[in-house]
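In the numbering used here, the protein residues as written are 248 to 765. Ideal Cβ placement from N, Cα and C applies to all residues, glycine included. Please read all numbers here as calculations on a predicted model, not as lab measurements.
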């Protein structure tokens, strides 16, 4: 197990650095300038032939990632865990040895920062897995030092740790079982530990330079009343707020992203929870239905976050069916989803392989964590799935491998799509290039047009005298958007800036147009 700095150095790391100008406080405008690339770490790129994604593989892929047009990386957890997804840690301070060494981690951070890429780590503090020293050193041992760190149902004897969702042990895809126990988040010592831990990831050397530090965190499964058990309550104020304050004291520009556990609007997480960003789940649900009314309502909500806050616009993540599978492989619908997330007000996020059209679904027949492997298959670097660099760690599992969604020769890979002008990957690159150069797509106001009963979603983005009009047809029938009152002088931003009259446009079934003012 690899450690960077022991938490014995925590007091030093929390002390104010003697030098270095602190970054500016995070603003909503700065967050809207970002595009996040969300990576399921184990499945991204292998560098040493063991078929497991690793740090060196990711470092060697940064130029490819940057070429897509993103600005930030969100990594699933790196900590050791008995589970392949690395949630439910056995060591909050370490890195899974399969992923590399701490020196390789620092090299990755420096390489990402050198390319102007921010890095966010995914953290889950609410539970520990079987094997964590807080659990192993205290269970059944009255008076043990770390006994209060675990939520024991029989605290006098440190027995019966409160299990995750009431289940004593959870099966892994590899046949191993492991218990998951709830951490006592009400204990001040636990809160202090995690505050020091996050500050260490922000400023690993304690010198204030932040050169090897991450730029923020995603908090997994964040709740005010953990798992609605009414035992660990008021966590927003008592647990999370002091931790976030410690992070911001060291780096005012650090971003705190919450995965709101209820997958709702996330408003309480932004206001009471003191986070900077939440995920726009309602927009994702509306887009999968291709329901104009729901899409318009969700866009209005996602584009109006509380002051200083932002919402992350996404189609996919590691817990949900891939969008290409949801829409039955219809690339037209996938392009609508891309346009109505990447070009809207908020912070877009792309799940690795989404830009290629990778498919994947949860398998309800699998009664282990292997049920989600289909959402987390190896990134498609080449046409041949079984080739150097491919992180096909799940090949040893007959069910996951036999039922895999992404296969050699299916036309879905970076190598096959990178230079094709009509590929989904190229479409993503073009949209992201537009977002980068058109300030109205990042910072502009957002207004819904076409307020009628047709299937056309019409969104006008405006900044000063600059405008972009995004048109999407959510039905299988052609539609003429009801556009009136627009000034003259529009061009098609996806067709060599050819002049176009918005009022004369007819959208084909599931068609998308992006127009700009000259």
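The beta strand (DSSP E) with residue 695 in it runs from where to where?
-> 692 to 696
Between the Cα of residue 741 and those of 499, 763, 375, spot the shortest distance and give me the residue it belongs to.
-> 763
Return the CA-CA distance between residue 722 and residue 639, expressed in angstroms with no decimal places.
-> The alpha-carbon separation between residue 722 and residue 639 amounts to approximately 37 Å.
Report the rounded CA-to-CA distance for residue 339 versus residue 642, giving the unit in angstroms.
-> Rounded to the nearest angstrom, the gap between the Cα atoms of residue 339 and residue 642 is 28 Å.
Inspect the beta-carbon positions of residue 451 and residue 270 and report whether they are closer than 7 Å.
-> Cβ distance not < 7 Å, so residue 451 and residue 270 don't count as in contact.
Which residues in the same chain have their Cβ closer than 6 Å to the Cβ of residue 584, if we skip the five residues on either side of it in sequence?
-> The answer, listed in chain order, is 534, 562, 570.
Stretch-stretch touch, CB-based, cutoff 8 Å, three pairs: the stretch 281 to 288 with the stretch 315 to 333 | yes
Buried versus exposed, by CB contacts within 10 Å (16 or more), residue 365 | buried
Could you work out which residue in 324, 396, 304 is closest to residue 351 when comparing CA atoms only?
-> Closest option to residue 351, judged by alpha-carbon separation, among 324, 396, 304: 304.
Run through the stretch 584 to 664 for me and flag every whole alpha helix (DSSP H) of 4 or more residues, listed as ranges in chain order.
-> Given a length threshold of 4 residues, each whole run of the alpha helix (DSSP H) inside the stretch 584 to 664 is given here in chain order: 645 to 649, 661 to 664.
So, using beta-carbon positions, are residue 528 and residue 510 closer together than 7 Å?
-> Pairing residue 528 with residue 510 gives a Cβ-Cβ distance under 7 Å.
Going by CA-CA distance only, name the one from 412, 497, 663, 376 that's closest to residue 604.
-> For residue 604, the nearest C-alpha among the options comes from 663.
Give me whichever residues DSSP pairs with residue 429 in a beta bridge.
-> 374
Tell me whether residue 463 is buried or exposed, calling it buried when 16 or more other Cβ atoms sit within 10 Å of its Cβ.
-> buried
Report yes or no: do three or more beta-carbon pairs, one from the stretch 414 to 432 and one from the stretch 393 to 401, lie closer than 8 Å?
-> Contact between the stretch 414 to 432 and the stretch 393 to 401 is present, with at least three C-beta pairs closer than 8 Å.
Kindly indicate the opening and closing residues of the alpha helix (DSSP H) around residue 448.
-> Residue 448 -> alpha helix (DSSP H) spans 435 to 449.
Quick one: what's residue 209 bridged to in DSSP?
-> Because the chain here runs from 248 to 765, residue 209 falls outside it and cannot be looked at.
Alpha carbon to alpha carbon, how far is residue 402 from residue 540?
-> 52 Å
In angstroms, rounded to a whole number, what distance separates the CA positions of residue 693 and residue 582?
-> Spanning the two alpha carbons is a distance of roughly 20 Å.
Note down, in chain order, each residue of its chain lying with its Cβ closer than 8 Å to the Cβ of residue 384, except the 5 sequence neighbours on either side.
-> 391, 392, 393
Continuous alpha helix (DSSP H) stretch holding residue 545: start and end = 539 to 549
If residue 559 and residue 504 are in contact, beta carbons under 8 Å, what's the gap, nearest whole angstrom?
-> 7 Å
Between the CA atoms of residue 546 and residue 308 - distance to the nearest angstrom = 33 Å
Hey, quick one: how far does the alpha helix (DSSP H) through residue 572 stretch, first residue to last?
-> 570 to 573
Beta bridge counterpart(s) of residue 713 as assigned by DSSP | 710
Looking at the unbroken beta strand (DSSP E) that takes in residue 466, where does it start and where does it end?
-> 463 to 469
Thinking C-beta only, is residue 566 closer than 7 Å to residue 782?
-> Given a span of 248 to 765 for the chain in the structure shown, any question on residue 782 remains unanswerable.
Straight-line CA distance for residue 718 to residue 592?
-> If I take the Cα positions, the gap works out to 15 Å.
For the alpha helix (DSSP H) that contains residue 532, what are its first and last residues?
-> 528 to 536
Three-state secondary structure (DSSP) of residue 254 = With a pLDDT of only 36 at residue 254, under the threshold of 50, the placement of this residue in the model should not be trusted, and no figure is reported.
Report buried or exposed for residue 376, applying the criterion of at least 16 other Cβ atoms within 10 angstroms of its Cβ.
-> buried
When the distance is taken between beta carbons, is residue 746 closer than 7 Å to residue 725?
-> no
Which two residues bound the contiguous alpha helix (DSSP H) that contains residue 679?
-> 671 to 684
Does the distance from the C-beta atom of residue 733 to that of residue 590 stay below 7 Å?
-> no
Measure the beta-carbon distance from residue 679 to residue 315 and round it to whole angstroms, keeping in mind my assumption that it falls under 8 Å.
-> Correct: roughly 7 Å between the Cβ atoms.
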